[in-house]
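Asks: Residue numbering for the sequence shown follows this note's numbering, starting at 57 and increasing by one per position.
All C-beta atoms, glycine included, are put in the ideal place defined by N, C-alpha and C.
Bear in mind the structure is a predicted one, so any value in this text is a computation, not a measurement.
Sending over a structure as structure tokens; questions will come in a sec.
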Amino acid sequence: MKRRWKGITALGLSALIGCMAPVSTMMAAAEETETAESVQETEIIEPAAEEVQETEVTEPAAEETQEPEVTEPAAEEVQESEVTEPAAEETQEPEVTEPTTEEIQETEEAESTREDTQEPESVEAAAEIAGIMPQAAETAAESEGQEQSEKAVAPVIVIQLDGANRAQALGGTIEYNTYINNRDQRLRISASQGSDPVSLYYYLDVAARVSDESKNEGQLSVLWQPAEQATGQEISLGKEGAYVLYVMAKAADGQISYARTDGIVIDTTAPVITGIDNGGTYPEGTYFGVTDDNLESVLMNEQPAALSQTDGMYRVTAAQYSTSCVISAKDKAGNETVYSVTVEKKVEDDINVISKTGDYSLKAGTAYRLGDGNWMLEGDSTVYRGGSTFYVREDGSYHFTQHMK
């Protein structure tokens with residue numbers, strides 16, 4: 057009785073499995089059809105075929121129910137049917153597949169078509185898209201840029217002195233590097249800003265050395281004088297003194313420029329030598345002075361003269377092998393004063409004194425002094441007074457005759 061009951065049970069399970077397998081197969085097939093329509097692929101059909109094979113395997117299980125021990129195959133079939141259910145569930149969620157190459161190309165062509173149909177915002181934008189710029193637009197832009205650049209440039213000021221432009225920026229410390237010995241010196245000023253008219257103003261500071269600082273815009277605001285012409289206006293410096301010329305240029309568009317010169321000195325007076333007279337005779341070491349506001353150099357016998365640091369004086373010094381002393385004083389404007397004097401060298405000892413009639417061996421460049429009375433040199437008719445210092449041109453023996461008259 058028990059064995060009969062087991063057989064009936066096995067038969068019922070086999071029938072139930074056989075009915076469920078076709079149903080699951082049909083559901084999977086339906087879902088695969090829907091998935092194929094959305095993604096155009098049928099990768100899930102193969103699992104459905106496997107389930108059909110599994111269904112075919114279950115049918116022989118019904119024939120085996122005649123044998124009493126069929127429980128183990130039925131259990132395996134139950135497990136297989138349980139495995140097929142997840143397959144059915146998996147078919148409910150279709151796989152997401154990547155778009156094919158043809159679909160990507162079609163999408164890009166569609167987007168490109170939409171972009172091409174859009175109208176560019178302007179002609180320039182269309183030209184940029186095409187990779188070209190219309191010649192007319194480019195020419196107009198260049199012309200407009202040139203006009204703006206010309207208007208943006210401030211007026212240019214030129215201050216000419218002896219053919220050189222001496223204009224520099226306003227402000228700073230005034231330096232005096234220009235010295236002129238011509239009282240009729242003139243400065244030529246002009247200003248320009250392309251082809252636009254420019255108004256020109258100037259101020260000549262005739263007391264420049266009172267302060268070494270440049271005047272500023274505020275100080276100059278009440279000092280400007282209008283120039284008679286904007287190009288080639290001449291400013292005369294006139295008498296001696298130190299000058300700084302300031303210039304202002306106003307353009308039609310309201311832009312203003314400023315410029316100034318460095319310090320300009322008009323000096324026509326030569327240096328003055330004091331303490332000695334030109335052509336005089338003085339003992340070696342005699343002091344003399346040189347005065348000049350713009351003194352540049354003092355030369356003695358073509359060599360720089362030594363200036364005494366204590367009293368600011370120079371000392372007369374004879375040239376080598378000579379009693380002559382040439383003094384040259386020159387200022388920065390080129391004015392020069394030249395003195396020529398005779399120097400009496402100091403007698404260092406009695407050996408150099410001609411004290412009586414006789415022959416003496418003398419050397420050139422050495423100072424000798426005659427004793428009291430009057431003296432005559434053999435071969436020379438000149439009468440020399442005693443006490444004077446003299447030099448000989450060449451080394452040798454000289455005969456002196458003393459006269460006490």
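(1) Go ahead and pull the three-state DSSP assignment for R239.
(2) For V209, which of L301, G310, A264, L293 has the nearest alpha-carbon?
(3) Go ahead and pull the three-state DSSP assignment for V278.
(4) Report the rounded CA-to-CA distance for G227 versus S267, giving the unit in angstroms.
(5) Grab me the residues of T287's own chain with a C-beta within less than 6 Å of its C-beta, minus the 5 sequence neighbours each way, in chain order.
(6) Of the residues V303, N272, P253, A374, which one's Cα is nearest the Cα of R222?
(7) Might you give, ordered along the chain, the residues of its own chain that have their beta carbon closer than 8 Å to the beta carbon of Q281, omitting 5 neighbours on each side?
(8) Nearest to G341 by CA position, among A362, Q224, T324, is which residue?
(9) Would you mind reading off the limits of the beta strand (DSSP E) that contains V209?
(10) Count the other CB atoms, across all protein chains shown, that sit within 10 Å of the CB of Q249; report buried if there are 16 or more and exposed otherwise.
(11) With DSSP as the reference, please indicate the residues paired to Q224 in a beta bridge.
(12) So is Y424 buried or exposed if we call it buried at 16+ other beta carbons inside 10 Å?
(13) What's the call for H459, buried or exposed, on a 16-neighbour Cβ count within 10 Å?
(14) Kindly identify the DSSP beta-bridge partner or partners of Q365.
(15) Whose CA, out of V328, V300, A308, D323, lies closest to the CA of A462?
(16) Just how far apart, CA to CA, sit S444 and D349?
(17) Run through the region 315-392 for me and flag every whole beta strand (DSSP E) of 3 or more residues, listed as ranges in chain order.
(18) Assign N272 to one of three DSSP states: helix, strand, or coil.
(19) Have a look at T393 and R242 and give me their C-alpha separation to the nearest angstrom.
(20) Could you give the residue range of the beta strand (DSSP E) that holds E290?
(21) Report buried or exposed for G319, applying the criterion of at least 16 other Cβ atoms within 10 angstroms of its Cβ.
(22) Looking only at its own chain, which residues have a Cβ that is under 8 Å from the Cβ of N233, when we skip the five neighbours before and after it?
(23) Between which two residues does the beta strand (DSSP E) containing N430 stretch?
(24) If you pair each beta-carbon of the region 331-345 with each one of the region 359-373, do three or more pairs fall below 8 Å?
(25) Thinking C-beta only, is T457 closer than 9 Å to D387?
(26) By the 10 Å Cβ neighbour count, where 16 or more other Cβ atoms means buried, how is N391 classified, buried or exposed?
(27) How would you call Y338, buried or exposed, if buried means at least 16 neighbouring beta carbons within 10 angstroms?
(28) Under a Cβ-count criterion, where at least 16 other Cβ atoms within 10 Å of its own Cβ denotes burial, should I312 be classed as buried or exposed?
(29) To the nearest angstrom, report how far apart P211 and A283 are at their CA atoms.
(30) In the structure shown, what three-state DSSP assignment does R425 receive?
(31) Hey, how far is the Cα of A307 from the Cα of L293?
(32) In terms of DSSP beta bridges, what is E231 paired with?
(33) In terms of alpha-carbon separation, which member of E434, T229, S255 lies closest to I213?
Replies: Judging by the given coordinates:
(1) coil
(2) G310
(3) coil
(4) 13 Å
(5) S246
(6) V303
(7) Y257, Y258, Y259
(8) A362
(9) Counting along the chain, V209 falls outside any beta strand (DSSP E), and DSSP gives it neither H nor E.
(10) buried
(11) R316
(12) buried
(13) exposed
(14) Beta-bridge pairing links Q365 to no other residue.
(15) With the chain covering only 57 through 461, there is no way to say anything about residue 462.
(16) 39 Å
(17) 319-322, 328-330, 337-339, 343-347, 351-356, 380-387
(18) coil
(19) 26 Å
(20) 287-292
(21) buried
(22) D318, G319
(23) 430-433
(24) yes
(25) no
(26) buried
(27) buried
(28) exposed
(29) 15 Å
(30) strand
(31) 27 Å
(32) Answer is none; E231 lacks a bridge partner.
(33) S255
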